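If you read the protein sequences in the order shown, they are chains A and B.
Residues 0 to 105 (numbering that gives the first Met the number 0) make up the first sequence, in order.
Residues 0 to 255 (numbering that gives the first Met the number 0) make up the second sequence, in order.
Just so it is clear, CB atoms sit at the ideal spot from N, CA and C, and this is done for glycine as well.
Since this is a predicted model, take the numbers as computed values, not measurements.
Note sheet for the following structure.
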Amino acid sequence: MAQYQIDNVASPINFQEDDIILRTLQNAKNLLMCRMGEVPYDRYRGFDPALYDLPIDELRVELLPELDRVMMWEPDVEVVDAEATLLENGDVYIKVIIEVTINEGA
Amino acid sequence: MGEIARWNGHKFEVTPSVIRSFTGLNIKGSSKTEDKESGGQGYVSRKQGQPKEISLTAHLSAQLGCDVQTEAMSFVNQATSGSKDYFYIGSKKLLTCSLMLTEASVSEIGITNGGKWVKADVKLTFKQCSKNDGSTGGSSGGGGGGGGSNKTSVKKKSTTTTKKTTTTNVLQKVADGIKTAVTTVVNKVKDTVTKVKNALTGKTTTQSPLAKAVSTAVTKIKSVVSAAKAVTTQKKTTTTKSTGGGGGGKRVNMVK
């Protein structure tokens with residue numbers, strides 16, 4: 000299975016994307032960018048923003064379990080690894096390595 | 000901070016308020032194999048991968064801030080219900096697959112005179128419960144000896160063909176035998192009837208036509224019985240021959 004990298008940098012969604020892998024990657028990135036609580040009737044969907052307020056070391060500890068929870072909404076994705084970096088402007092950059100478990104030929 | 004490992008909300012950590020540790024982390028991976036033999040030498044080929052297995056022993060102590068009874072019984076209940084989650088060590092996944100708690104065994108329980116649990120060891124066994132294991136996958140190879148099955152199937156085909164041929168021959172021979180026997184019997188009966196008729200109508204001059212006719216009939220009946228016996232013998236011979244033909248099948252079986 001191929002591994003891909005996504006991050007929490009905003010980018011436009013291509014709604015006409017035909018490739019199933021790219022669509023899955025977009026779904027995963029969309030889940031990562033989504034804030035938990037912002038989707039009506041589905042309040043658990045998205046990344047818990049409370050983690051951004053944790054000290055960076057604690058965020059790194061909590062990051063992978065939280066991403067596993069978030070990616071439960073996209074069952075074709077398995078989180079392999081993740082890394083959180085504190086940027087100079089105070090933002091948190093999250094880089095996630097995921098594995099798409101779809102067989103491309105299927 | 001201070002977190003060593005985590006599974007399904009259970010944190011093994013060292014903090015100023017609690018020390019919850021484990022020892023004896025054991026990771027096991029194995030394959031199911033198939034015994035084979037070639038040229039008097041046994042060997043194995045891989046059939047399929049077995050679920051990965053992790054075991055560890057958690058040490059719970061009330062002196063180190065643990066609620067021993069609650070935590071131990073929580074593990075036991077989760078083993079009963081088959082709870083599953085990823086196992087994280089140092090904020091990384093130990094395995095990329097999720098793990099199910101399949102066994103929790105509490106031992107070395109220390110109880111105060113008030114009934115409070117002050118220490119316990121919990122041996123935990125986790126097993127892989129999702130397909131994804133981080134490997135590239137791939138089908139299990141059949142290994143050597145695959146040609147054997149092909150040979151067998153080919154031989155089975157030839158055996159079937161031989162059996163069909165043998166059956167056809169036997170049926171043909173039996174039919175011929177019956178036909179011959181019936182023809183013989185009918186002819187003999189016809190002869191007997193003719194002779195009796197001639198004797199009764201006086202066409203044949205005899206001192207005692209009736210006695211001679213009866214004697215002739217008995218003789219003919221004896222000959223019919225002999226003919227029938229001959230037919231039975233012929234049938235037996237035919238069957239024996241056909242069994243011999245089936246020997247072709249036996250040869251094939253011996254090769255198998």
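Is the Cβ-Cβ distance between residue i and residue j less than 7 Å?
i: residue 102 (chain B); j: residue 124 (chain B); result: yes
i: residue 98 (chain A); j: residue 82 (chain A); result: no
i: residue 105 (chain B); j: residue 78 (chain B); result: no
i: residue 134 (chain A); j: residue 47 (chain A); result: Since the displayed chain A opens at 0 and closes at 105, residue 134 (chain A) lies outside it and no answer follows.
i: residue 1 (chain B); j: residue 12 (chain B); result: yes
i: residue 129 (chain B); j: residue 100 (chain B); result: no
i: residue 51 (chain A); j: residue 91 (chain A); result: yes
i: residue 90 (chain B); j: residue 59 (chain A); result: yes
i: residue 12 (chain A); j: residue 101 (chain A); result: no
i: residue 184 (chain B); j: residue 223 (chain B); result: yes
i: residue 187 (chain B); j: residue 219 (chain B); result: yes
i: residue 47 (chain B); j: residue 96 (chain B); result: no
i: residue 60 (chain B); j: residue 118 (chain B); result: yes
I want to verify the contact list: residues of chain E whose CB lies under 8 Å from the CB of residue i, in sequence order.
i: residue 131 (chain B); result: Absent here is chain E; the protein component of the structure consists of chains A and B.
Quick one: grab the DSSP three-state call for residue i.
i: residue 68 (chain A); result: helix
i: residue 32 (chain B); result: strand
i: residue 47 (chain B); result: strand
i: residue 115 (chain B); result: coil
i: residue 15 (chain A); result: coil
i: residue 149 (chain B); result: Bear in mind that a pLDDT of 35 at residue 149 (chain B), under 50, signals an unreliable position, so the number given afterwards is only what the model happens to contain. Helix at residue 149 (chain B).
i: residue 73 (chain A); result: coil
i: residue 84 (chain B); result: strand
i: residue 114 (chain A); result: Any question about residue 114 (chain A) goes unanswered here, given that chain A covers just 0 to 105.
i: residue 10 (chain A); result: coil
i: residue 268 (chain B); result: The structure shown has nothing for residue 268 (chain B), since chain B only spans 0 to 255.
i: residue 29 (chain A); result: helix
i: residue 59 (chain B); result: strand
i: residue 86 (chain A); result: coil
i: residue 35 (chain A); result: coil
i: residue 50 (chain A); result: helix
i: residue 100 (chain A); result: coil
i: residue 142 (chain B); result: In this predicted model, residue 142 (chain B) has a pLDDT of only 36, less than 50, meaning its place in the structure is not dependable enough to derive any value.
i: residue 41 (chain B); result: strand
i: residue 176 (chain B); result: helix
i: residue 9 (chain B); result: strand
i: residue 56 (chain A); result: helix
i: residue 123 (chain B); result: strand
i: residue 105 (chain B); result: strand
i: residue 0 (chain A); result: coil
i: residue 17 (chain B); result: coil
Applying a beta-carbon distance threshold of less than 7 Å, which residues of chain A neighbour residue i?
i: residue 95 (chain B); result: 77 and 79
i: residue 92 (chain B); result: 63
Can you pull the chain A neighbours of residue i, defined as C-beta to C-beta under 8 Å?
i: residue 102 (chain B); result: In chain order: nothing, as chain A lies at least about 23 Å away.
i: residue 2 (chain B); result: 60
Taking residue i as the query, report the chain A residues whose CB atoms sit under 9 Å from its CB, ordered along the chain.
i: residue 5 (chain B); result: 60 and 64
Cβ closer than 8 Å: which chain B residues qualify as neighbours of residue i?
i: residue 67 (chain A); result: 85
query = Residues in the segment 75-88 of chain B with C-beta within 9 Å of chain A's C-beta atoms, listed in sequence order?
reply = Flagged, chain order: 84, 85 and 87.
query = Taking three-plus beta-carbon pairs below 8 Å as touching, is the segment 15-33 of chain B in contact with the segment 46-66 of chain B?
reply = yes
query = Looking at C-beta atoms only, is the number of pairs between the segment 109-122 of chain B and the segment 55-70 of chain B that lie closer than 8 Å three or more?
reply = Three or more pairs of CB atoms, one per stretch, sit closer than 8 Å, so the segment 109-122 of chain B contacts the segment 55-70 of chain B.
ask   = Would you say the segment 34-45 of chain B touches the segment 84-93 of chain B, given that touching needs at least three Cβ pairs under 8 Å?
value = no
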